[in-house]
Amino acid sequence: AQRLGLTKEKKPEKVEKDIMAVIPQKDWTGFSHRIILFGRGVCSARKPDCGQCPFNDFCPSAKNL
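Residues are numbered in my numbering as their position in the sequence shown, beginning at 1, plus a constant of 14.
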């Protein structure tokens, strides 16, 4: 969520609050599952695969990695 520019927070409670502000409530559960799988498969903490990322063109972190 931080890499994608959805939040600048580090504490889980604050990250959650920021995301809840931009994602419609009906999509919270699905978004949570998708962002977890995205983090495991493409944008891992230690070695993000920006070359395979579908958000590469607008991800603020892709330019810094």
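C-beta: ideal position from N, C-alpha, C; glycine also.
Given the structure is predicted, the values throughout are model-derived calculations rather than measurements.
message: Please list the terminal residues of the continuous alpha helix (DSSP H) segment that includes T21.
response: Neither: T21 is in no alpha helix (DSSP H) and is coded neither H nor E.
task: Please work out which residues of its chain come closer than 8 Å, Cβ to Cβ, to R60, disregarding the five sequence neighbours upstream and downstream, and give them in chain order.
output: The answer is none, since no qualifying residue turns up.
message: I'd like the list of long-range same chain contacts for I37, defined as Cβ closer than 6 Å, with 5 residues on each side in sequence excluded.
response: The beta carbon of I37 sits closer than 6 Å to the beta carbons of F45 from its chain, once the five residues preceding and following it are set aside; these are given in chain order.
task: Count the other C-beta atoms from every protein chain shown that fall within 10 angstroms of the C-beta of R48, then say buried if there are 16 or more, exposed otherwise.
output: Exposed.
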